[in-house]
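A.B. asks: Below you will find the structure I want to go over with you.
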Amino acid sequence: MANLANQRVLVGGGLLCAAALLCAGSIAPSAAEGPRAEAATPNPVAASTFPIASDARLAGDARQTRFILDLDKPIQFRAFALADPYRVVVDIPQVSFKLSAGTGAAGRGLVKAFRYGLVMPGGSRIVFDLTGPAKIANSTMLEAANGQPPRLVLELEEVDRTAFVQSLAPENRPELRPAIAEANAAVVPSAAKPGQPPDARPLIVIDPGHGGIDNGTQAGGEMEKNLVLGFGLALRDRIEKSGKYRVVMTRDDDTFIPLNDRVKVARNQSAALFVSIHADALPRREGDAQGATIYTLSDKASDAEAERLAEAENKSDAIGGVNLTDEPTEVADILIDLAQRETRTFSNRFARLLMGEMKNTARMHKHPLKSAGFRVLKAPDVPSVLVELGYVSNKGDLEHLVSANWRTRTVGSMAQAIDAFFAKRLATAGPGK
0 MANLANQRVL VGGGLLCAAA LLCAGSIAPS AAEGPRAEAA TPNPVAASTF
50 PIASDARLAG DARQTRFILD LDKPIQFRAF ALADPYRVVV DIPQVSFKLS
100 AGTGAAGRGL VKAFRYGLVM PGGSRIVFDL TGPAKIANST MLEAANGQPP
150 RLVLELEEVD RTAFVQSLAP ENRPELRPAI AEANAAVVPS AAKPGQPPDA
200 RPLIVIDPGH GGIDNGTQAG GEMEKNLVLG FGLALRDRIE KSGKYRVVMT
250 RDDDTFIPLN DRVKVARNQS AALFVSIHAD ALPRREGDAQ GATIYTLSDK
300 ASDAEAERLA EAENKSDAIG GVNLTDEPTE VADILIDLAQ RETRTFSNRF
350 ARLLMGEMKN TARMHKHPLK SAGFRVLKAP DVPSVLVELG YVSNKGDLEH
400 LVSANWRTRT VGSMAQAIDA FFAKRLATAG PGK
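With the first letter of the sequence shown counted as 1, position 54 gets the number 53 in numbering that gives the first Met the number 0; the numbers rise by one all the way through.
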């Protein structure tokens, strides 16, 4: 299967040079040009010589704050501000971040905190959460001098809301727009040869949550994005091995994918089923919940915990530095209505089948079936569920999540539920039709 991530590009953020060290000579498209895709070209030499970021720090106060990133070589970059919530984003070529543990967790001045990581093959991103509206007063790449390494310097100044909004002219509001539509042609199994019937096997989209700059929940030295990716790949392999289904992954490596684009993968391919994989965590004050939970979509959460989780998961785009003010609304604003009744029924049916199978191999939450307004489940024409495999904040659940044996057994139970869900359809169509 072709690697979906290798086809993604960052549009409007200043980086259109996947798998390149420096973006020299590349020109970011203007907002008016719209998305543009460029296929990444693997480069083993470049991959082994990514620039290294050795230190990052903040200085200043609540009126003026400076960010400094030490590197081993100069790089090109682009910095821009985003509103609601207030953020500043810096896009750079792919960098090896060799920073001290906890870097960015503590803020200073105008910055609450910052995070960094891969946002696409060949591209990294730094996202600053701000205490309020601020403008980028200066941004520069300093050459090595006087015994100091090359440095990326970003200076922020406090401004009022009016001045901040005025600075967000359309041409200054780049955003993450992976070219999912262009990537799908490479991801989906090739079309049937002339004279052969089309492949009518059900297409299943597996969606490992988070990725890249968005780590998800963390506990015991484990990150949700890695746990769910490993599980998703194992589920893909198990499903494909049967030969009954076609499978598409929203991501098959450590890359950030916006929520809306995850939904688009399923809708553009007319998927028969969408399964999003996650692992939850609870703050200490909320107790020590345990076990797997299966969620379906509803406009009103089934309980307070479901509402909390949906709110947390729906913040992934903000974490990744996506411009939420320009998000397409054709999916995000869809509410459950009569037109979705059939899809909702199928989603609930699969959720019940999945619970029935998973309870034989995995520890389940005391209330294993729940619902809430997850954005990633809002494809109106694709049965969709979100599976929380367990709580990384629970010691017992975490032991299961890192266990290859547990993963194999749980993947098997999910594959059985998928077989049961499609049993009538497969019996009618016949194998491979």
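The beta-carbon is built from N, C-alpha and C at its ideal position, and this holds for glycine as well. In this text, all values refer to a predicted model and were calculated from it rather than measured experimentally.
(1) For R235, which residues in the same chain have their Cβ closer than 7 Å to its Cβ, ignoring the five residues on either side in sequence?
(2) With D260 as the anchor, note down where its alpha helix (DSSP H) starts and where it stops.
(3) What's the gap between the Cα of G355 and the Cα of V386?
(4) To the nearest angstrom, report how far apart K377 and I51 are at their CA atoms.
(5) Please say whether A305 and E223 have beta carbons closer to each other than 8 Å?
(6) May I ask you to report which of helix, strand or coil DSSP gives I417?
(7) At what residues does the beta strand (DSSP E) containing T139 begin and finish?
(8) Whose CA, out of K111, A80, I125, F79, lies closest to the CA of F96?
(9) If you compare alpha carbons, which of T102, R150, F345, M119 is closest to F127?
(10) Give the single residue among N393, V375, G131 whose Cα lies nearest to the Cα of H364.
(11) Rounded to the nearest angstrom, how far is the Cβ of L129 from that of R65, given a contact under 8 Å?
(12) So, do the segment 291-303 and the segment 359-375 have three or more beta carbon pairs nearer to each other than 8 Å?
(13) Which residues in the same chain have their Cβ closer than 6 Å to the Cβ of T216, if we skip the five residues on either side of it in sequence?
(14) Give me, in chain order, the residues of the same chain whose beta-carbon lies closer than 6 Å to that of R348; leave out the 5 immediate sequence neighbours on both sides.
(15) Are the CB atoms of V89 and L438 within a distance shorter than 8 Å?
(16) Given P188, which residues of its chain have a CB within under 7 Å of its CB, disregarding the five upstream and five downstream residues?
(17) I'd like the list of long-range same chain contacts for I74, defined as Cβ closer than 6 Å, with 5 residues on each side in sequence excluded.
(18) Can you give me the start and stop residues for the beta strand (DSSP E) that S53 sits inside?
(19) Which term fits N259, buried or exposed, when burial requires 16 or more other beta carbons within 10 angstroms of its beta carbon?
(20) Among S123, A105, A100, which one has its Cα closest to the Cα of A78?
(21) Considering only the alpha carbon of each residue, which of R237, G242, I256, L202 lies closest to L213?
(22) Quick check for students: name the residue ranges of the alpha helix (DSSP H) that lie wholly in the segment 337-387, counting only runs of 4 or more.
(23) Write down the C-beta distance between E157 and R56 rounded to the nearest angstrom, noting that I regard them as a contact closer than 8 Å.
(24) Where does N2 sit, in a helix, a strand or coil, going by DSSP?
(25) Would you tell me roughly how many angstroms separate the C-alpha atoms of A422 and E239, rounded to the nearest one?
(26) Alpha carbon to alpha carbon, how far is I417 from G389?
(27) Hey, how far is the Cα of S383 from the Cα of G372?
(28) Under 8 Å, do I276 and G231 count as touching if we go by C-beta distance?
(29) In whole angstroms, what separates the C-alpha of A265 from that of R200?
(30) So I74 is in the alpha helix (DSSP H); what residue range does that whole segment cover?
(31) Leaving out five residues on either side along the sequence, give the residues of the same chain with a beta carbon under 6 Å from the beta carbon of D54.
(32) Of the choices R374, A361, Q415, whose alpha-carbon is the least far from that of N466?
(33) Mind checking which residues open and close the alpha helix (DSSP H) that includes S241?
(34) Leaving out the 5 sequence neighbours to the left and right, which residues in its chain are closer than 8 Å to P148 when beta-carbon positions are compared?
(35) Using 8 Å as the threshold, is the C-beta distance between V381 and A270 below it?
(36) Less than 8 Å between the CB atoms is what I'm expecting for E435 and V401, so what's the real figure, rounded?
C.D. replies: Looking at the coordinates:
(1) I205, V246, M248
(2) 258-267
(3) 13 Å
(4) 39 Å
(5) no
(6) helix
(7) 133-141
(8) I125
(9) T102
(10) N393
(11) At roughly 14 Å, the Cβ-Cβ gap does not stay under 8 Å, so L129 and R65 are not in contact.
(12) yes
(13) E223, A280, V391
(14) none
(15) Only positions 0 to 432 of the chain appear in the structure, and residue 438 is not among them; the question remains open.
(16) Interpretation of P188 is limited by its pLDDT of 44, a score under 50 that renders its predicted location unreliable; the figure taken from the coordinates is listed afterwards. If we look at P188 and ignore the five residues flanking it on each side, its Cβ neighbours are D198, R245.
(17) P50, I91, P92
(18) 51-59
(19) buried
(20) S123
(21) Checking the sequence shown, residue 213 turns out to be Asp, not Leu. That would be I256, whose Cα lies nearest to the Cα of D213.
(22) 340-357
(23) 20 Å between Cβ atoms; not a contact.
(24) With a pLDDT of only 40 at N2, under 50, the local geometry of the prediction cannot be trusted, and the value read off the model is given with reservation. Reduced to three states, the DSSP call for N2 is coil.
(25) 16 Å
(26) 20 Å
(27) 12 Å
(28) yes
(29) 15 Å
(30) That residue, I74, is in no alpha helix (DSSP H); it is neither H nor E in DSSP.
(31) D69
(32) Since the displayed the chain opens at 0 and closes at 432, residue 466 lies outside it and no answer follows.
(33) 223-241
(34) S53, D69, L70, D71
(35) yes
(36) Nothing in the structure corresponds to residue 435, since the chain is present only between 0 and 432.
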